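> One structure, pasted below without further comment.
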Amino acid sequence: MRKLELLGCLALIASCASGQWLNYPAARIPRLPDGKPNLSAPTPHSPDDKPDLSGLWTYDLPAIPNAVQVDQQRFQVNLEEIVLTPEGKALQQKRRENYFPGAECLPSNLPKLTATLPYKILTLKGMVVFLYEEENRFRQIFMDGRELPKDPNPTWWGYSVGKWDGDTLVVDTSGFNDDEWILPGRYPHSDALHIIERYRRRDFGHLEIQFTIDDLKVYAKPWTVKAYSHLIPDTELLEYVCIENEKDLKHMVGVDK
Amino acid sequence: MKKTSQPLKALCCLGWIAGCVSGQWLNYPTPGIPRLPDGKPNLAAPVPKTADGKPDLSGVWRINYRPYSSNIANDLKPGDVQSWAEALTKQRQENLGKDDPSSIHCLPFGPRVNFAMDATPLKIVQTPALIVILGQDLTYRQIFLDGRQLPSDPNPDFMGYSVGQWEGDMLVVTTAGYNDRTWLDYSGHPHTEVLRTIERFHRNDFGHLEITETFDDPKAYARPWTVRVTGDLIPDSDLLEYVCNENEKDSAHMVGKASDLKAVEVAPEVLAKYAGVYTATLSLGRPIRFEIFPSGGELWFSRDGGARQPLTPVSNTRFVVPGFSGAQLEFVEENGDTAALQLHGIAGDARLPRVREGK
């Protein structure tokens, strides 16, 4: 094993200095003749013949129409789809004055989690687990047939159940608190929020994600956010602790009007 | 909708009044759990196995962290803690634990994760090449079982780098690459970056786990030592979302020094009045029981049948609990007789009426 590491170092002198498992050749990755991962190989499947979404992913922004960047997060959004209700407009106005839970290291809005830092998906029997580098936090998606709770204790990330729709993983989440943004500084949500996420692994190296935002207290109709990720092979998540030596908050003064 | 909100942090913090409000999937009958004829989980059923024949450690586990939660060096001899580490621990205790990076300042638990009162329960998620341990605080740990070696020059971080292997039915996890910013317990025992831990996980039967962990830090301790805790499966339930830094209110109230509270002498006949058993039922129907014993001119207590611990008197009626960041017990009189025990914690108070007098 050590020899392998050493060989890897000789081949890639520049990138071995960092130490940990950032250049560890992962098993079961299809490779091209030159040893590079073949990211356009076919989508892998689990023993139960469902697409296997497992892997380490990071955001991507192909040349697509309607690309938007909000606070370093890149998505595809058709802004015309977003119609605020009067209550939604008032909430947006109030929140925009100075409300950034992200600056306090509180849990991020769901779309952001697939649009900034790497994340790992684990597909297990009865459950899908997302490990996010963002804040080192995780999400559990229950695939064991349970229903969403009827009277949930509101939480930052809600309660998630999933099922397969053909080759797409469909995740249904509700039970959110009303403390986060959908897209920070722009689009807030209420505790009536219901998000449907659709994950489709197009080929070995590419994942397409669609969020349907359904919050009739704030938006007149559901709208969608699309995000794109690509596999990052032969590396690992790093530890990211937002609250360690946090310096942002005290500089966030003033009002955005 | 009901909102549990932040008292969660405070409540779970001191453990006095712990117990979290129910609601969602905390009572979900989970498929695959062996059951007794009455439908209750059979916690003495055999250890489940994965497809590759290994014990399956998966599940939500409540760790029985006493006494190591408050003192990881409980089994060490005087002198085993190097003098600088001992002095630093004393200083942290003098500050009543207000600098505790994890339980007060919401940083990751680091190497104390298996022993910290407010880190439990933990959920183990097992796959052949990777085991993930999910924490109540939404953070996770990865243990690689794919044969990789520990990094030789790791970037130090809170949770370190973990590799595991099976030795028979025991999962052995070696971790190195910790930073030196966390404490090993609530008393403030420090560690350095050379710390290496070896955890041995053994699932004894369906409902019971054993974790034996060796701490090896030659820069802070004279010798490696090993502590052992057990874990109980929490069936038909799940982790709750716990965001430590949401509306954090503890640290602002943590003022003062341990030495501000001057120990006083209390007459043996006064101590004798307090002997007895005090009980109450807290939230979620969770019982709490204190037994008070005067002995050798001191007052001792045992909580929920646990080990006897001494109390330090600060007045005739108030006593400080060692190792609990200033938590206090107060004996309340009614009509000239001891009627109840009042617990004072950061989270708030609880009153335990006396149910039995004397020894």
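Quick mapping for you: the protein sequence lines, in order, are chains A and B.
Those letters in the first sequence? Residues 1152 to 1408, per this note's numbering, in order.
Those letters in the second sequence? Residues 11 to 369, per this note's numbering, in order.
Idealized CB from N, CA, C, for every residue including glycine.
Note that the structure is a prediction, hence the values are computed from the model and not measured.
Per DSSP, Pro88(B) forms a beta bridge with which residues?
What you label residue 88(B) is simply residue 78 of the second sequence in a count that begins at 1. Answer by DSSP bridge pairing: none, since Pro88(B) is not bridged.
> Between Trp71(B) and chain A, is any beta-carbon pair separated by less than 7 Å?
As a first step, residue 71(B) must be located in the second sequence, where it is residue number 61. False, the Cβ-Cβ gap to chain A never drops below 7 Å.
> Give me the residue from Val204(B), Val365(B) and Tyr231(B) with the minimum Cα distance to Ser162(B).
Mapped onto the second sequence, residue 162(B) falls at position 152. The shortest C-alpha separation from Ser162(B) is found at Val204(B).
> Where does Lys1271(A) fall in DSSP's three states?
What you label residue 1271(A) is simply residue 120 of the first sequence in a count that begins at 1. Lys1271(A): strand per DSSP, three-state reduction.
> Counting only beta-carbon separations shorter than 7 Å, does Ile1394(A) have a partner in chain B?
The residue you call residue 1394(A) lines up with position 243 of the first sequence. True, the Cβ-Cβ gap to chain B drops below 7 Å.
> For Glu1298(A), collect the residues of the same chain with a Cβ closer than 8 Å to its Cβ; drop the 5 residues on either side in sequence, then sort them by chain order.
Translated into the one-based positions of the first sequence, residue 1298(A) becomes position 147. If we look at Glu1298(A) and ignore the five residues flanking it on each side, its Cβ neighbours are Val1312.
> For Asp149(B), would you say it is in contact with chain A, using Cβ-to-Cβ distances shorter than 7 Å as the test?
Sequence index remark: in the second sequence, residue 149(B) carries index 139 (1-based). Note that residue 149(B) is Thr in the sequence shown here, rather than Asp. Judged by the 7 Å Cβ criterion, Thr149(B) is in contact with chain A.
> Out of Ala61(B), Asp62(B) and Gly69(B), which one is the CA nearest neighbour of Arg213(B)?
The count along the second sequence starts at 1 and reaches residue 213(B) at position 203. Considering only alpha carbons, the answer is Gly69(B).
> Express the C-alpha separation of Ala349(B) and Glu209(B) in angstroms, rounding to a whole number.
Residue mapping note: residue 209(B) aligns to position 199 of the second sequence, counting from 1. Residue mapping note: residue 349(B) aligns to position 339 of the second sequence, counting from 1. Cα-Cα distance, rounded: 46 Å.
> Let me know the alpha helix (DSSP H) ranges lying completely inside the region 203-281 of chain B, each 4 residues or longer, listed in chain order.
Listed in chain order, the complete alpha helix (DSSP H) runs (minimum 4 residues) inside the region 203-281 of chain B are 260-263.
> Using the beta-carbon count (16 or more within 10 Å), is Ile82(B) buried or exposed?
If you number the second sequence from 1, residue 82(B) lands on position 72. With 16 or more other Cβ atoms within 10 Å, it is buried.
> Grab the span of the alpha helix (DSSP H) containing Gln103(B) for me, first residue to last.
Residue numbering aside, residue 103(B) sits at position 93 when the second sequence is read from its first letter. Ser93 to Glu104 is the extent of the alpha helix (DSSP H) around Gln103(B).
> Tell me the start and end of each unbroken alpha helix (DSSP H) in the region 1242-1301 of chain A that is at least 4 residues and wholly inside, in chain order.
Listed in chain order, the complete alpha helix (DSSP H) runs (minimum 4 residues) inside the region 1242-1301 of chain A are 1261-1264.
> Quick check on the burial criterion: 16 or more other C-beta atoms within 10 angstroms. Buried or exposed for Asp128(B)?
Locating residue 128(B) in the second sequence gives position 118, where the first residue counts as 1. It counts as buried.
> Would Thr224(B) and Arg238(B) qualify as a contact pair, given that the criterion is a beta-carbon distance under 7 Å?
As a working mapping, residue 224(B) is identified with position 214 in the second sequence. As a working mapping, residue 238(B) is identified with position 228 in the second sequence. Taking 7 Å as the Cβ cut-off, Thr224(B) and Arg238(B) do not qualify as a contacting pair.
> With distance defined between alpha-carbon atoms, name the residue in Pro65(B), Pro39(B) and Asn37(B) nearest to His218(B).
Within the second sequence, numbered from 1, the residue matching residue 218(B) stands at position 208. When only C-alpha atoms are compared, the closest one is Pro65(B).
> On the three-state DSSP scale, how would you describe Pro1193(A)?
The residue you call residue 1193(A) lines up with position 42 of the first sequence. Correct three-state label for Pro1193(A): coil.
> Give every residue of the same chain whose Cβ lies closer than 7 Å to the Cβ of Val1270(A), excluding the five residues on either side of it in the sequence, and list them in chain order.
Within the first sequence, the letter at position 119 stands for residue 1270(A). Note that residue 1270(A) is Tyr in the sequence shown here, rather than Val. Excluding positions up to five away in sequence, the list reads Trp1208, Leu1264, Phe1281, Leu1282, Tyr1283 and Glu1284.
> Does any CB atom of chain A fall closer than 7 Å to the CB of Asp251(B)?
The residue given as residue 251(B) occupies position 241 in the second sequence. Reading off the sequence shown, one finds Glu at residue 251(B), where the question assumed Asp. So, interface residue.
> Determine, using beta carbons only, whether Lys1377(A) and Gln1227(A) come nearer to each other than 7 Å.
Here the question's residue 1377(A) lines up with position 226 in the first sequence. Here the question's residue 1227(A) lines up with position 76 in the first sequence. Yes, the pair counts as a contact, with Cβ atoms nearer than the cut-off.
> Identify each residue in the region 1279-1312 of chain A for which the Cβ-Cβ distance to at least one residue of chain B is less than 7 Å, and report them in chain order.
So the list reads Val1280, Leu1282, Asn1287, Arg1288, Phe1289, Asp1295, Arg1297, Pro1300, Asp1302, Pro1303, Asn1304, Pro1305, Thr1306, Trp1307, Trp1308 and Tyr1310, given in the order they occur along the chain.
> Could you check which residue in Asp167(B), Leu250(B) and Leu160(B) has the C-alpha nearest to that of Asn37(B)?
Along the second sequence, read from residue 1 onward, the residue named residue 37(B) stands at position 27. The candidate whose alpha carbon is nearest that of Asn37(B) is Leu250(B).
> Using a cut-off of 9 Å between C-beta atoms, extract the partners of Phe168(B) located in chain A.
Reading the second sequence from its first residue, position 158 is the one you call residue 168(B). Near Phe168(B) (Cβ distances below 9 Å), the residues of chain A are Asn1287, Glu1390, Val1392 and Glu1395.
> What's the C-alpha gap between Glu1390(A) and Tyr150(B)?
The residue given as residue 1390(A) occupies position 239 in the first sequence. The residue given as residue 150(B) occupies position 140 in the second sequence. Going from the Cα of Glu1390(A) to the Cα of Tyr150(B) covers about 10 Å.
> Quick one: what's Lys59(B) bridged to in DSSP?
Walking along the second sequence from the start, residue 59(B) turns up at place 49. DSSP lists Pro65(B) as partners of Lys59(B).
> Please state if the CB of Ile1272(A) and the CB of Ser1205(A) are separated by a distance shorter than 7 Å.
Residue 1205(A) sits at position 54 when you count from the first residue of the first sequence. Residue 1272(A) sits at position 121 when you count from the first residue of the first sequence. Yes, these two residues count as a Cβ contact at 7 Å.
> Let me check understanding here. Comparing Cα to Cα, which of Ala95(B), Tyr196(B), Gly178(B) and Gly295(B) lies closest to Asp227(B)?
Residue mapping note: residue 227(B) aligns to position 217 of the second sequence, counting from 1. Comparing Cα-Cα distances from Asp227(B) to each of Ala95(B), Tyr196(B), Gly178(B) and Gly295(B), the minimum goes to Ala95(B).
> Contact defined as beta carbons within less than 8 Å: I believe Glu1286(A) pairs with Trp1307(A). What is the distance between those atoms, to the nearest angstrom?
As a working mapping, residue 1286(A) is identified with position 135 in the first sequence. As a working mapping, residue 1307(A) is identified with position 156 in the first sequence. That pair is no contact at about 11 Å.
> Strictly below 7 Å CB to CB, what residues from chain A border Tyr156(B)?
Position 146 of the second sequence, counted from the start, is the residue given in the question as residue 156(B). Per the sequence shown, residue 156(B) should be read as Asp rather than Tyr. Ordered by position in chain A, the residues that pass the 7 Å Cβ test against Asp156(B) are Ala1178.
> Going by CA-CA distance only, name the one from Glu340(B), Pro164(B) and Thr291(B) that's closest to Tyr188(B).
Start at 1 with the first residue of the second sequence, and residue 188(B) comes out as number 178. Cα-wise, what sits closest to Tyr188(B) is Pro164(B).
> At a Cβ cut of 8 Å, what residues of the region 125-137 of chain B count as close to chain A, listed as they run along the chain?
Those residues of the region 125-137 of chain B that come within reach of chain A (Cβ to Cβ, closer than 8 Å) are Val135 and Thr137.
> To be precise: take each residue of the region 194-211 of chain B, compare its Cβ to all Cβ atoms of chain A, and keep it if any distance is under 7 Å. Which residues remain?
The region 194-211 of chain B vs chain A, Cβ under 7 Å: nothing.
> From the DSSP output, read off the bridge partner residues of Ile1383(A).
Here residue 1383(A) refers to the residue found at position 232 when the first sequence is read from its first residue. Paired residue(s): none; Ile1383(A) is not in a bridge.
> Would you give the residue range spanned by the beta strand (DSSP E) that Trp193(B) belongs to?
In the second sequence, residue 193(B) corresponds to position 183, counting from 1. From DSSP, Trp193(B) is part of no beta strand (DSSP E); its letter is neither H nor E.
> Can you tell me whether Arg318(B) is helix, strand or coil according to DSSP?
In the second sequence, counting from the first residue as 1, residue 318(B) sits at position 308. Here Arg318(B) sits in coil by DSSP.
> From the beta carbon of Asn255(B), is the nearest beta carbon of chain A less than 7 Å away?
Residue numbering aside, residue 255(B) sits at position 245 when the second sequence is read from its first letter. Yes, its Cβ sits closer than 7 Å to a Cβ of chain A.
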